[in-house]
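S.K.: One structure is given below, represented as structure tokens, and several questions about it will come after.
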């Protein structure tokens, strides 16, 4: 498996700064350890007042700095934050899908055309409108094409998130692709801890404690200590 992973180039497309850590930090650490390349495209950051028990606004600059520190910790090969305007944060569904597709395909510093990933990881569809917009744009961007004309991704996935329990039946997340991260639990939790402004106290589903519960649950689903779970839409060997 290490031989397989080290030949891969992973692009994680994250609606916001933190989604990549919730869903893929263990996989990123494992792939980097094997010698693979990993890139992250964050679609949006911005100022936002959260339901976090205070009246304080978390600034986009705070989110940006948290993400950069996390990316440096995981030693990713490159990243891009596409939209930094507060007016677009949590409003990606108002941007024409064609524009989002173009960002993912061509325009971003870590676009598909530029880095030619072999694996693309998209956010799973959820109640969050930004996640839905990014998934559908990313799914379009990874459509099959002649490889000599448009880069072809052999593996297309969507990744887990602690909020996915609140979904309609149509949108349910049914994992069919797992990555054993038993050796990378501490790294994943440390990576998540950089997103201080997004974390909640224990018992909240977006706490570090619950993230630990989730990866151990996903691990038990495949009889390992810990895992990250994905839905696989394409796997070509």
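Residue numbers (my numbering): 335 to 571. Glycine residues also receive a C-beta, built at the ideal position from the N, C-alpha and C atoms. Computed from a prediction, not measured in an experiment: that's the story for all the values here.
Go through the region 350-384 residue by residue and report every complete run of the beta strand (DSSP E) that reaches 3 residues or more, in order.
M.R.: Runs found: 371-378.
S.K.: I'd like to confirm the pairing. Which residues does DSSP put opposite residue 457 in its beta bridges?
M.R.: Residue 457 is bridged to 493.
S.K.: Ends of the beta strand (DSSP E) at residue 468?
M.R.: Unbroken run through residue 468 is the alpha helix (DSSP H), 463-475; no beta strand (DSSP E).
S.K.: Using the Cβ count rule (16 or more neighbours within 10 Å means buried), how would you classify residue 417?
M.R.: By the neighbour-count rule (16 or more Cβ atoms within 10 Å), residue 417 is buried.
S.K.: Does the count of Cβ pairs from the region 345-356 and the region 501-508 closer than 8 Å reach three?
M.R.: In short, these stretches do not touch, since the Cβ pair count stays below three.
S.K.: For the putative contact between residue 411 and residue 371, defined by C-beta atoms under 8 Å, what is the C-beta separation to the nearest angstrom?
M.R.: Right, the Cβ-Cβ distance comes to about 5 Å (below 8 Å), so this counts as a contact.
S.K.: Cutting at 8 Å between CB atoms, please list the residues of its own chain near residue 516, excluding the five before and the five after it.
M.R.: For residue 516, where only same-chain residues beyond five positions count, the Cβ hits under 8 Å are 553, 558, 559, 560, 561.
S.K.: Under DSSP, the alpha helix (DSSP H) around residue 564 begins and ends at which residues?
M.R.: It is not in any alpha helix (DSSP H) - residue 564 instead sits in the beta strand (DSSP E) that spans 561-569.
S.K.: Can you give me the C-alpha to C-alpha distance between residue 470 and residue 377, rounded to a whole angstrom?
M.R.: Going from the Cα of residue 470 to the Cα of residue 377 covers about 13 Å.
S.K.: Using alpha carbons as the reference points, say which of 498, 453, 475, 494 lies closest to residue 488.
M.R.: For the residues 498, 453, 475, 494, the minimum Cα distance to residue 488 belongs to 453.
S.K.: Measuring only the C-alpha atoms, how far is residue 486 from residue 362?
M.R.: In a straight line, the C-alpha of residue 486 is about 21 Å away from that of residue 362.
S.K.: In terms of DSSP beta bridges, what is residue 415 paired with?
M.R.: Paired residue(s): 376.
S.K.: Just list the residues that DSSP pairs residue 513 with in beta bridges.
M.R.: DSSP, once it has assigned bridges, lists 562 as partnering residue 513.
S.K.: Where does residue 522 land, buried or exposed, given buried means 16+ other C-beta within 10 angstroms?
M.R.: That one is buried.
S.K.: Does DSSP classify residue 343 as helix, strand or coil?
M.R.: DSSP places residue 343 in strand when its eight states are reduced to three.
S.K.: Is the beta carbon of residue 512 closer than 7 Å to that of residue 556?
M.R.: Contact: yes.
S.K.: With C-beta atoms as the reference, is residue 391 less than 7 Å away from residue 381?
M.R.: Yes, they are a contact pair.
S.K.: Leaving out five residues before and five after residue 403 in sequence, what residues of the same chain have Cβ atoms less than 6 Å from its Cβ?
M.R.: Answer for residue 403: 528, listed in chain order.
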